[in-house]
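**Q** Numbers in the numbering used here are just positions in the sequence shown, counted from 1, shifted up by 3. Here a beta-carbon is modelled for each residue, glycine too, at the ideal position from N, C-alpha and C.
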Amino acid sequence: MNLTEIFNQENKREELRMPFPFKEYQGEEIKNTPTLDLTLTNIGKGKALVVGQTALDFTLSCDRCLKPVEQKVTLDFEREILAPEFLTDDDTKEDQHFVDEYELDIEALLMEELQMAWPTKILCDEECKGICKKCGANLNDGNCECDNFVPDVRLANLMDIFNAAQK
Ligand SMILES: [Zn+2]
Ligand SMILES: [Zn+2]
Numbered sequence: 004m005n006l007t008e009i010f011n012q013e014n015k016r017e018e019l020r021m022p023f024p025f026k027e028y029q030g031e032e033i034k035n036t037p038t039l040d041l042t043l044t045n046i047g048k049g050k051a052l053v054v055g056q057t058a059l060d061f062t063l064s065c066d067r068c069l070k071p072v073e074q075k076v077t078l079d080f081e082r083e084i085l086a087p088e089f090l091t092d093d094d095t096k097e098d099q100h101f102v103d104e105y106e107l108d109i110e111a112l113l114m115e116e117l118q119m120a121w122p123t124k125i126l127c128d129e130e131c132k133g134i135c136k137k138c139g140a141n142l143n144d145g146n147c148e149c150d151n152f153v154p155d156v157r158l159a160n161l162m163d164i165f166n167a168a169q170k
């Protein structure tokens, strides 16, 4: 998408509404058919504001028990971008790597926003007990027959450290 007018015409504003360009993210299917709202506004000489909104529905797996969890991922972003002649150093160039000269790469921008909005933890419930490491039973459905009792306090502490290190 070309940004020449947005960068050069004072108060130029463009509102766009388009189908979200991806069907999946990180191998996870997008369950709804989201619409992307994108507004580009000139906010000064060689300066533009990109505002975008969309909401994506995923079905992800609980980190502890693997049960499917309905997860909404909302994108709601505002990014200031500069025309190439105003990019002074490599850092600012890197910050807007989704802009190449006067071209906005919407897909690259969306990929970055998705990465930032992606949930770090997926739980079916804050209290999810997970699955038994021995028999694989879902402990939310009740205790299994396995002996998961840890007899020694020192061993229990060690296991906490071990489990934390695995995360
Ligand atoms: Zn769970
Ligand atoms: Zn078990």
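Examine ligand 1 and report whether any of its heavy atoms sits within less than 7 Å of the Cβ of Ala92.
**A** Per the sequence shown, the amino acid found at residue 92 is Asp instead of Ala. Checking every heavy atom of ligand 1 against the Cβ of Asp92, none is found closer than 7 Å.
**Q** Can you give me the start and stop residues for the alpha helix (DSSP H) that Asn11 sits inside?
**A** Thr7 to Asn11 is the extent of the alpha helix (DSSP H) around Asn11.
**Q** Quick one, which of Leu6, Phe165, Cys149 and Leu113 has its alpha-carbon nearest Ile84's?
**A** For the residues Leu6, Phe165, Cys149 and Leu113, the minimum Cα distance to Ile84 belongs to Leu6.
**Q** Please classify Gln99 as buried or exposed, where buried requires at least 16 other C-beta atoms within 10 Å of its C-beta.
**A** Counting Cβ neighbours within 10 Å, Gln99 comes out buried, since at least 16 surround it.
**Q** Where do the ends of the beta strand (DSSP E) carrying Met21 lie?
**A** Arg16 to Pro22 is the span of the beta strand (DSSP E), which, as asked, contains Met21.
**Q** Does the distance between the C-beta of Lys75 and the nearest non-hydrogen atom of ligand 2 fall short of 7 Å?
**A** No, Cβ of Lys75 sits at least 7 Å from all heavy atoms of ligand 2.
**Q** Buried or exposed for Asn146, going by 16 or more other Cβ atoms inside 10 Å?
**A** With fewer than 16 Cβ atoms within 10 Å of its Cβ, Asn146 is classed as exposed.
**Q** Return the CA-CA distance between Leu41 and Met4, expressed in angstroms with no decimal places.
**A** So the two alpha carbons sit approximately 12 Å from each other.
**Q** Assign Cys65 to buried or exposed, taking buried as 16 or more other Cβ atoms, counted over all protein chains shown, within 10 Å of its Cβ.
**A** It counts as buried.
**Q** Mind checking who Phe61 pairs with in its DSSP beta bridge?
**A** Phe61 pairs with Gln74.
**Q** Only counting the same chain, and skipping five residues up and downstream in sequence, which positions put a Cβ closer than 7 Å to that of Cys131?
**A** Same-chain partners within the cutoff: Cys65, Arg67, Cys68 and Asn143.
**Q** Where are the alpha helix (DSSP H) runs, 4 residues long or more, that stay fully inside the segment 99–169, in chain order?
**A** Listed in chain order, the complete alpha helix (DSSP H) runs (minimum 4 residues) inside the segment 99–169 are 109–120 and 156–169.
**Q** Could you check whether Val72 and Ile125 sit closer than 8 Å to each other, using their CB atoms as the reference points?
**A** Yes, the pair counts as a contact, with Cβ atoms nearer than the cut-off.
**Q** How far does the beta strand (DSSP E) with Ile46 in it reach, from first residue to last?
**A** From DSSP, the beta strand (DSSP E) with Ile46 extends over Thr38 to Gly47.
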